[in-house]
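Visitor:
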Amino acid sequence: MKSIEFCVILETMAEEMKETTEQIKERHDMEIKESSERRTSEIEEMRERHGREIEELREKCNHKKVSDWMESQWAPGHGGPRVKVCNNCGLVMDTEKWNLNVEVGVE
Numbered sequence: 189m190k191s192i193e194f195c196v197i198l199e200t201m202a203e204e205m206k207e208t209t210e211q212i213k214e215r216h217d218m219e220i221k222e223s224s225e226r227r228t229s230e231i232e233e234m235r236e237r238h239g240r241e242i243e244e245l246r247e248k249c250n251h252k253k254v255s256d257w258m259e260s261q262w263a264p265g266h267g268g269p270r271v272k273v274c275n276n277c278g279l280v281m282d283t284e285k286w287n288l289n290v291e292v293g294v295e
């Protein structure tokens, strides 16, 4: 008789532990989601602040130091027209005309 009662107690404890484990997993998943959302909003705020700071710098800059012609890339490995940029704020000061109708290797 005692062994049956002990089995019932063990089964009850196992069920309680299972529920607790599921609750812990749900809480953990919720914490991860909240943390991810918080970090995403922090990143967006940082981007906006950085963009404003760059705009302010470019407005205040007198663009006295300009680079020589240099290659630009619109994406890594994808060349674009040559440009001159302000060495202080990075503003593109001049862009070479880029003839897209020229065949590569043909002069």
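Going by our numbering, the first residue of the sequence shown is number 189, and it counts up by one from there. Backbone N, C-alpha and C define an ideal beta-carbon position, used for all residues, glycine too.
Determine the DSSP secondary structure at D256, reduced to helix, strand or coil.
Guide: Residue state, collapsed to three classes: coil.
Visitor: Can you give the Cα-Cα distance for V294 and I220, rounded to whole angstroms?
Guide: Summary for V294: the model assigns pLDDT 49, below 50, so the residue's position carries little reliability; its value from the coordinates is reported in the next sentence. Approximately 57 angstroms, taken between the alpha carbons.
Visitor: Using only the alpha-carbon positions, how far apart do T228 and M234 sit?
Guide: Each residue's Cα considered, the two are about 10 angstroms apart.
Visitor: I need the DSSP call for C195, collapsed to helix, strand or coil.
Guide: Looking at C195 - three-state DSSP - the assignment turns out to be helix.
Visitor: Would the stretch 274–287 and the stretch 239–258 be scored as touching if the rule is three or more Cβ pairs under 8 angstroms?
Guide: A contact exists between the stretch 274–287 and the stretch 239–258.
Visitor: Over the uninterrupted beta strand (DSSP E) stretch that includes W262, give me the two end residues.
Guide: W262 -> beta strand (DSSP E) spans 261–263.
Visitor: At which residues does the beta strand (DSSP E) containing K272 begin and terminate?
Guide: Counting along the chain, the beta strand (DSSP E) containing K272 begins and ends at 271–273.
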